[in-house]
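Trainee:
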Amino acid sequence: MLSKKQEFLEKKIEQELTAAKKHGTKNKRAALQALKRKKRYEKQLAQINGTLSTIEFQREALENANTNTEVLKNMGYAAKAMKAAHDNMDIDKVDELMQDIADQQELAEEISTAISKPVGFGEEFDEDELMAELEELEQEERDKNLLEISGPETVPLPNVPSISVPSKPTKKKEEEDDDMKELET
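Residue numbering for the sequence shown follows the UniProt record's numbering, beginning at 1 and increasing consecutively.
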């Protein structure tokens, strides 16, 4: 039911926004009325969202309470079964059944730390912890990106010539030089 109301309000908000844009500067009064209706719908939508959150928190709390109840019930059965199994044992009845299983495991860890405290069903998250976790995730992403950066591509060097270079001029060159000298004279 609340989901349908949510959808309805979202459509109405969109309609009022469209109407306000349509009237714009031509009919300011109609545009303002549309914006006022939009604000009322947004307020109702926020209330429904809050109600849905509260219902979700209550559902989770009930699930935890049922789980704790079942766990405690089974622990009670286990304690009774252990008492029956050790009925004939002594050592001051095994130190009074290990001090009644450490006083029923410190009364089931003070009834699961008073059924895990938060009662207001509000979001009680430490903003500093959340920001620190976000910064840590961002740093991990930056570190990952830095590791993926590749170095400059290597420029291929030219190949070494495969022919051998003569160490001294060939005889032909000497003959040409002699011919040149003759022509010059």
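Glycine included, C-beta positions come from ideal geometry on N, C-alpha and C.
Mind checking whether leucine 17 and isoleucine 48 have CB atoms under 8 Å apart?
Mentor: Cβ distance not < 8 Å, so leucine 17 and isoleucine 48 don't count as in contact.
Trainee: Between glutamate 42 and the rest of its own chain, which residues show a CB-CB distance below 7 Å, the 5 nearest in sequence each way excluded?
Mentor: Excluding sequence neighbours, glutamate 42 sits near Ile13.
Trainee: Tell me the rounded alpha-carbon separation between aspartate 178 and proline 156.
Mentor: Distance between the alpha carbons of aspartate 178 and proline 156: 44 Å.
Trainee: Determine the burial state of alanine 34: buried for a count of at least 16 other Cβ atoms within 10 Å of its Cβ, exposed for fewer.
Mentor: Classification of alanine 34: buried, given that the 10 Å Cβ count is 16 or more.
Trainee: With a cut-off of 8 Å, do at least 3 Cβ pairs link the segment 68-75 to the segment 100-118?
Mentor: Yes: the two stretches touch, three or more of their Cβ pairs being nearer than 8 Å.
Trainee: To the nearest whole angstrom, what separates the beta carbons of alanine 108 and leucine 72, a pair I think is in contact under 8 Å?
Mentor: Correct: roughly 5 Å between the Cβ atoms.
Trainee: For the alpha helix (DSSP H) that aspartate 128 lies in, which residues bound it at each end?
Mentor: That run of the alpha helix (DSSP H) goes 127-148.
Trainee: Roughly how many angstroms lie between the CA atoms of asparagine 74 and lysine 83, to the nearest whole one?
Mentor: In a straight line, the C-alpha of asparagine 74 is about 14 Å away from that of lysine 83.
Trainee: Would DSSP call serine 163 helix, strand or coil?
Mentor: Here the sequence assigns isoleucine to residue 163, which means serine is not the residue at that position. Three-state result, isoleucine 163: coil.
Trainee: Who are the Cβ neighbours of leucine 146 in its own chain at under 8 Å, not counting the five residues just before and after it?
Mentor: Same-chain partners within the cutoff: there are none.
Trainee: May I ask you to report which of helix, strand or coil DSSP gives lysine 26?
Mentor: Coil.
Trainee: How many Å lie between glutamate 129 and glutamate 135 at the Cα?
Mentor: Each residue's alpha carbon lies about 10 Å from the other.
Trainee: Quick check on leucine 157: does DSSP put it in helix, strand or coil?
Mentor: Here leucine 157 sits in coil by DSSP.
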